[in-house]
């Protein structure tokens, strides 16, 4: 930069611009040369505009790739160092996903390394759907990220040692299933769009057992029929017990086994007042030929 040493006063009556420029002497601010050491023949530049690139020009060069990227230390460097980058950016593509997402849980954008988008826009052609970060639509619905093929295969290998092969005889003759496996347990799993993965209907358990397999006496079978009421089907000889009193499915499973055990034990008991039973108390009407 150059500094103007002498003041210039321009009047309307000035002779010419050349005379004004001849009376001007420029001096560099960076040089330590005294006035006595100045050479009149020395060429010194006079910058009409700043001898540097403006901010807009430097930004344009960086955006187009022609300028050098200047790294500047921000004032919040310590705060940014404390914050860790999202886990999804540090993941290895060949990692074990079942250890990252082992069980059912709500969606976490910082853990899932997938460019997932969900939602809607007024003009999808101009603006894509919202990304996964801060997207409540992805949190509301259940996901199956814990049931990947690799995770299912790992679970199967873990429980395979506790399993036995299905009997070939039951495959060949389905009629043996009701004789060898008289008790069946039925329950349902529900999947829906909502803020929770739990469903109160999933705790309902239905036990179905053939009364013939309980090996009851005629008195015990009749008493069991009186105790269970319309839960017993006389045509199929199947007793159905449904439990949904407890809060969880496991509790209802245990409660159903308890009910079956109590019903069978109570049916075999003979109280003193049961000996007073008469023909009119029987569940079946018997017709006797008087001839």
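In the working numbering, the protein residues as written are 14 to 304.
Note that the Cβ used here is the ideal one computed from N, Cα and C, for glycine as well.
These numbers come from a predicted model, not from an experiment.
query: Should residue 42 be labelled buried (16 or more other beta-carbon atoms within 10 Å of its own) or exposed?; result: The predicted model places residue 42 with a pLDDT of 46, which falls under 50 and marks its position as unreliable, so this point remains unresolved.
query: Anyone know if the C-beta pair for residue 148 and residue 132 falls short of 8 angstroms?; result: yes
query: Is it true that the region 265-272 meets the region 280-287, where meeting means three or more beta-carbon pairs spaced less than 8 angstroms apart?; result: no
query: If you count every other CB in all the chains shown that lies within 10 Å of the CB of residue 256, and 16 or more means buried, which is it?; result: buried
query: Do residue 123 and residue 101 come within 8 angstroms of each other at the CB atom, strictly closer than that value?; result: yes
query: Quick one: any contact between the region 170-183 and the region 211-231, if contact means 3 or more CB pairs under 8 angstroms?; result: no
query: Whose C-beta lies closer than 6 angstroms to the C-beta of residue 222 among residues of the same chain, with five residues either side of it excluded?; result: 195, 196, 252
query: Express the C-alpha separation of residue 171 and residue 293 in angstroms, rounding to a whole number.; result: 60 angstroms
query: Cα separation between residue 241 and residue 200?; result: 21 angstroms
query: Name the residue from 187, 299, 164 whose alpha carbon lies nearest to the alpha carbon of residue 111.; result: 164
query: Just how far apart, CA to CA, sit residue 291 and residue 302?; result: 19 angstroms
query: Looking at the structure shown, is residue 102 part of a helix, part of a strand, or coil, going by DSSP?; result: helix
query: Taking the Cβ atom as the reference point for each residue, do residue 117 and residue 210 lie within a distance shorter than 8 angstroms?; result: yes
query: With a threshold of 16 other CB atoms inside 10 Å of the CB of residue 260, please say whether the residue is buried or exposed.; result: exposed
query: Here's the rule: buried if 16 or more other CB atoms are within 10 angstroms of the residue's CB, otherwise exposed. What is residue 265?; result: buried
query: Take residue 278 as the anchor and find which of 239, 233, 245, 248 has the nearest alpha-carbon.; result: 233
query: Give the list of continuous alpha helix (DSSP H) stretches no shorter than 4 residues that lie fully inside the region 176-210.; result: 181-185, 190-193
query: State the CB to CB distance for the pair residue 130 and residue 137, rounded to an integer number of angstroms; the pair is presumed to be in contact (CB under 8 angstroms).; result: Rounded, the Cβ-Cβ distance is 11 angstroms, inconsistent with contact.
query: According to DSSP, simplified to helix, strand and coil, what is residue 219?; result: strand
query: Rounding to the nearest angstrom, what Cα-Cα distance links residue 218 and residue 268 in this structure?; result: 10 angstroms
query: Could you tell me if residue 280 is buried or exposed, where buried requires 16 or more neighbouring beta carbons within 10 angstroms of its beta carbon?; result: buried
query: Use the C-beta contact count for residue 220: other C-beta atoms within 10 angstroms, 16 or more gives buried, fewer gives exposed.; result: buried
query: How would you write the range of the beta strand (DSSP E) that residue 253 sits in, first residue to last?; result: 251-256
query: Could you compute how far the alpha carbon of residue 146 sits from the alpha carbon of residue 76?; result: 27 angstroms
query: Can you check whether the CB of residue 262 is closer than 8 angstroms to the CB of residue 216?; result: yes
query: Which same chain residues, not among the five before or five after residue 204, have their C-beta less than 7 angstroms away from its C-beta?; result: 155
query: Check whether the Cβ atoms of residue 80 and residue 71 lie closer than 8 angstroms to each other.; result: yes
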